[in-house]
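Chains as they are written, first to last, in my numbering: chain A, -8 to 348; chain B, -8 to 348. We treat Cβ as the ideally placed atom computed from N, Cα and C, and that holds for glycine. If you're wondering where the values come from, they're calculated on a predicted model, not measured in any experiment. Down below is the structure, laid out as structure tokens.
2 protein chains.
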Amino acid sequence: MTDYDTIRPVRWERDRLMLLDQRALPGRTRWIQCESSAAAAQAIRDMVVRGAPAIGIAAAYGAVLAAREAMAAAPTSWLPRLEQALEHLGAARPTAVNLRWALRRQRRRLDAATPDPAAVLLREAQAIVDEDLAANRRMGVLGAALMTEPGGVLTHCNTGSLATAGYGTALGVIRSAWMEGRITRVYAGETRPWLQGARLTAWELLQDGIPVTLLADSAAPALMRSGAVRWVVVGADRVTANGDVANKIGTYALAVAARQHGAGFMVVAPRSSVDMTLPHGDAIDIECREAGELLALNGHRVAPAGADAWNPVFDITPAALVDALVTEAGVVHRPDREGMATRFAGTGAGDAVPAGQ
Amino acid sequence: MTDYDTIRPVRWERDRLMLLDQRALPGRTRWIQCESSAAAAQAIRDMVVRGAPAIGIAAAYGAVLAAREAMAAAPTSWLPRLEQALEHLGAARPTAVNLRWALRRQRRRLDAATPDPAAVLLREAQAIVDEDLAANRRMGVLGAALMTEPGGVLTHCNTGSLATAGYGTALGVIRSAWMEGRITRVYAGETRPWLQGARLTAWELLQDGIPVTLLADSAAPALMRSGAVRWVVVGADRVTANGDVANKIGTYALAVAARQHGAGFMVVAPRSSVDMTLPHGDAIDIECREAGELLALNGHRVAPAGADAWNPVFDITPAALVDALVTEAGVVHRPDREGMATRFAGTGAGDAVPAGQ
């Protein structure tokens, strides 16, 4: 039985970091080879890799390259050099919490007496990959089990193999449920303005033999009205202590429409995205990006000069619209403050590990 | 006092039909001159002009050109020739009901004894323009009066001067309300997949000195959640006897979100868009256009080969989500079968005149 899981966007091969260039997808499948930590930092900065877990993994491998360089340059006093390189890697994407989390984790494996730091960091990077994959597989099982009747699913943005070590979060649930025959059709919103749905989600599902139907984001409520959608399945950048969800702009629109039409609304995110220190979603600052991303397409100006644009990256979906929050630590049904506290008390979520997966 | 109304996309100048080329907007302001009825038909077919009322007006002027040609070719037996040219014009856009309505109206002004058919048809074309403008002005007054407290408005697609003889339907209400100080800010959804909001609505509002903020369609509910929107104001392609509204895809999404957030939802459409012969919106066949419109941008392929797309042109908004239907014949508040029948009984709406404005 196929498990619809072939894509690994971040690889360590022949002592090099290999990154699937997500900027070239879906037109071209191109791999960027990083043989130095500076090259890895540049690739992260240039968004060759995207998706918080995938960025963290790329940085963890970048640290291996940095260790090798530091050892070659200063075999007996490599640590300060390596620390400098880790800082450089950590600055590659200012708001990517997973990046700095992965580098902190790498840093903790080292002291000046470590005999072969590159080997130590390589093992740790592989551990991060294995843990991420295992968490995604576990979320896939838990989320798919909620789909008790076959039906259509709708997803948003890209939460798949491309955004993680592999398999994905929301898209992992879709992979699992598809494999188990619980899904009749996968719909994906194109996800303006960056079109991750059209470019990346469609590509990776088709790579793995899962058919997909794209739609304009604004068509989703009409699709739901037709009865074609049983579950909306999305990821999360951050989940707060009351179960509110910050995720890609457009998520809230789907949650409102799902509730209106009796479709289930499932949020799939690693435990590390749960930040129990934040009381509710409105405590999250929503980043607004430059208007130009909306005013042009493929570098071609669409809107007239003088037009302004409101271009938030995320929106907040109140917990009351969430039917199920799926993490590798378990499912919270209809999350609220109490349900969240019961599930995540003492698991360390939101403490040592990053929000923002 | 400025009335924020300078754009006339279809003009009759020096015995020629002049069409503002909407395909070139907002980058270039280019006029296409049509000196023959064949050229007018071609321009309509090529979508130089869009928006049902504007298409009807272009066809009405095209009929003038046809009459001139028929008279020149066969001064004593011009009518059969003219009828053939009208048929050619009528076939330029198969689903544009206003086009055939305008041509039927022109045909009715003629018989074989008409001494100067071109002059007769020119007067009739100008009457169609004057009536459309007057209806739009009247809707502007009626719709603006509903905005009793200043606030933000959100619109969708293009329902403005560019789609009509001038002033517009929903955008006419926005013009009127802006002039009266009832609007603090105009938001426009970009309107995927054709981007009429980003390309056309933003252009015409800025031309007339009304500032506009664009957003991704999927961001509208998050904007409403922030309290920035007091009214959603949209047009309609067709309104049925129970008050259901067929309009550009994405309209229903806005209606659902508006109700969720207590924003008003106003539909502005000429009386001729009300089709009292259709019992409800689900009796309307929703045209789905080719997937390619979603899978590519500016001719550049975005989605991977093998991806399918669902690309409906319109969606249906149930009457229950409509707070006010504004026509030049008056306002129906919270439309339902009874309210619609009371307002539109005996007005001839939906009979001799077209749906599909």
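*Hey, would you say Ala294 of chain A sits closer than 9 Å to Ala189 of chain B, going by beta carbons?*
Translated into positions along the first sequence, residue 294 of chain A becomes position 303. Translated into positions along the second sequence, residue 189 of chain B becomes position 198. For Ala294 of chain A and Ala189 of chain B, yes; Cβs fall inside 9 Å.
*Would you check if there are 3 or more beta carbon pairs closer than 8 Å linking the segment 225 to 234 of chain A to the segment 142 to 162 of chain A?*
yes
_Please report the straight-line C-alpha distance between Arg21 of chain A and Asp12 of chain A, rounded to a whole angstrom._
Numbered from its first residue, the first sequence carries residue 21 of chain A at position 30. Numbered from its first residue, the first sequence carries residue 12 of chain A at position 21. Taking the straight line from one Cα to the other gives about 6 Å.
*Do you know whose CA, among B:Glu78, B:Ser217, B:Glu4, B:Ser264, lies nearest Pro44 of chain B's CA?*
Numbered from 1 along the second sequence, position 53 holds the residue referred to as residue 44 of chain B. Out of B:Glu78, B:Ser217, B:Glu4, B:Ser264, B:Ser264 has the C-alpha closest to the C-alpha of Pro44 of chain B.
*Quick one: grab the DSSP three-state call for Tyr243 of chain A.*
The residue labelled residue 243 of chain A in the question sits at position 252 within the first sequence. Helix.
*Express the C-alpha separation of Phe256 of chain B and Tyr(-5) of chain A in angstroms, rounding to a whole number.*
Position 4 of the first sequence, counted from the start, is the residue given in the question as residue -5 of chain A. Position 265 of the second sequence, counted from the start, is the residue given in the question as residue 256 of chain B. Rounded to whole angstroms, Tyr(-5) of chain A to Phe256 of chain B spans 44 Å at the Cα level.
_Please confirm whether Gly347 of chain A has its beta-carbon closer than 9 Å to some beta-carbon of chain B._
Mapped onto the first sequence, residue 347 of chain A falls at position 356. The predicted model places Gly347 of chain A with a pLDDT of 37, which falls under 50 and marks its position as unreliable; any figure quoted below should be read in that light. So no, Gly347 of chain A is outside the interface.
_Does the CB of Leu288 of chain B have a neighbour CB from chain A at under 9 Å?_
Translated into positions along the second sequence, residue 288 of chain B becomes position 297. Taking Cβ atoms only, chain A reaches closer than 9 Å to Leu288 of chain B, which makes this a yes.
*Which residues in the same chain as Leu162 of chain A place their Cβ atom closer than 6 Å to its Cβ, once the five residues preceding and following it in sequence are excluded?*
Sequence index remark: in the first sequence, residue 162 of chain A carries index 171 (1-based). Within the same chain, Leu162 of chain A has close Cβ partners Thr150, Gly151.
*Within 7 Å of chain A by C-beta, residues of the segment 68 to 94 of chain B in sequence order*: none
*Measuring only between beta-carbons, confirm whether Asp314 of chain B sits less than 9 Å from chain A.*
As a working mapping, residue 314 of chain B is identified with position 323 in the second sequence. Chain A, which has no Cβ nearer than 9 Å to the Cβ of Asp314 of chain B, makes this no.
*Could you tell me the distance, in whole angstroms, from the CA atom of Val236 of chain A to the CA atom of Ile277 of chain A?*
By one-based count along the first sequence, residue 236 of chain A stands at place 245. By one-based count along the first sequence, residue 277 of chain A stands at place 286. Each residue's Cα considered, the two are about 12 Å apart.
*asked:* Once DSSP output is grouped into helix, strand and coil, what is the label at Tyr178 of chain B?
replied: Mapped onto the second sequence, residue 178 of chain B falls at position 187. Of the three classes helix, strand and coil, the one that applies to Tyr178 of chain B here is strand, per DSSP.
*Those residues which DSSP pairs with Met257 of chain B across a bridge*: Position 266 of the second sequence holds residue 257 of chain B. B:Val224, B:Ala315.
*Sheet register partners of Ile307 of chain B (DSSP bridge)*: Counting from one through the second sequence, the residue named residue 307 of chain B turns up at place 316. Per DSSP, B:Ala237.
*If I'm right that Ala282 of chain A touches Asp306 of chain A with Cβ under 8 Å, what's the distance once you round it to whole angstroms?*
Along the first sequence, read from residue 1 onward, the residue named residue 282 of chain A stands at position 291. Along the first sequence, read from residue 1 onward, the residue named residue 306 of chain A stands at position 315. No, Ala282 of chain A and Asp306 of chain A are not in contact; Cβ-Cβ is about 17 Å, not under 8 Å.
*With DSSP collapsed to three states, give me the class of Met9 of chain B.*
The sequence position of residue 9 of chain B within the second sequence is 18, counting from 1. Three-state result, Met9 of chain B: strand.
*Where Ile24 of chain A falls, given that 16 or more other Cβ within 10 Å makes a residue buried*: Residue numbering aside, residue 24 of chain A sits at position 33 when the first sequence is read from its first letter. The sequence shown places Gln at residue 24 of chain A, rather than the Ile named in the question. By the 10 Å Cβ count, Gln24 of chain A comes out exposed.
*Per-residue DSSP class, three states only, for Ile(-2) of chain B*: Counting from one through the second sequence, the residue named residue -2 of chain B turns up at place 7. Reduced to three states, the DSSP call for Ile(-2) of chain B is coil.
*Taking just the CA atoms, how far does Ile(-2) of chain B sit from Gly142 of chain A?*
The sequence position of residue 142 of chain A within the first sequence is 151, counting from 1. The sequence position of residue -2 of chain B within the second sequence is 7, counting from 1. Gly142 of chain A and Ile(-2) of chain B: Cα-Cα distance of roughly 49 Å.
*By how many angstroms is the C-alpha of Arg334 of chain A removed from the C-alpha of Asp6 of chain A?*
Within the first sequence, residue 6 of chain A is the residue found at index 15, counting from 1. Within the first sequence, residue 334 of chain A is the residue found at index 343, counting from 1. So the two alpha carbons sit approximately 40 Å from each other.
*Name the chain A residues that come within less than 7 Å of Thr204 of chain B, Cβ to Cβ?*
Counting from one through the second sequence, the residue named residue 204 of chain B turns up at place 213. Those within 7 Å of Thr204 of chain B in chain A are Asp299, Ala300, Trp301.
_Among A:Gly42, A:Leu77, A:Leu145, A:Ser167, the one whose alpha carbon lies nearest that of Met215 of chain A_ = Residue 215 of chain A sits at position 224 when you count from the first residue of the first sequence. When each option's Cα is compared against that of Met215 of chain A, the closest is A:Leu145.
*Since Ser28 of chain B contacts Ala65 of chain B with CB under 8 Å, what's their CB separation in whole angstroms?*
Taking the first residue of the second sequence as 1, we reach residue 28 of chain B at position 37. Taking the first residue of the second sequence as 1, we reach residue 65 of chain B at position 74. No, Ser28 of chain B and Ala65 of chain B are not in contact; Cβ-Cβ is about 15 Å, not under 8 Å.
*asked:* Taking only three categories from DSSP, how would you classify Ile277 of chain B?
replied: The residue given as residue 277 of chain B occupies position 286 in the second sequence. Residue state, collapsed to three classes: coil.
*Near-chain B residues of the segment 223 to 247 of chain A (beta-carbon distance less than 7 Å), N- to C-terminal order*: Ile240, Gly241, Tyr243, Ala244, Val247
*Thinking C-alpha only, which one of A:Arg183, A:Thr308, A:Leu137 is nearest Leu288 of chain B?*
Here residue 288 of chain B refers to the residue found at position 297 of the second sequence. The shortest Cα separation from Leu288 of chain B among A:Arg183, A:Thr308, A:Leu137 belongs to A:Arg183.
*What are the partner residues of His79 of chain A, as DSSP defines its beta bridges?*
Residue mapping note: residue 79 of chain A aligns to position 88 of the first sequence, counting from 1. BP columns for His79 of chain A are empty, so no partner.
*What residue range is occupied by the uninterrupted beta strand (DSSP E) comprising Trp22 of chain B?*
The residue you call residue 22 of chain B lines up with position 31 of the second sequence. Counting along the chain, the beta strand (DSSP E) containing Trp22 of chain B begins and ends at 22 to 25.
*Are the segment 83 to 103 of chain B and the segment 31 to 49 of chain B touching, with three or more C-beta to C-beta distances below 8 Å?*
yes
*Endpoints, beta strand (DSSP E) assigned at Thr333 of chain A*: Mapped onto the first sequence, residue 333 of chain A falls at position 342. Note, Thr333 of chain A: premise wrong, no beta strand (DSSP E); alpha helix (DSSP H) at 328 to 335.
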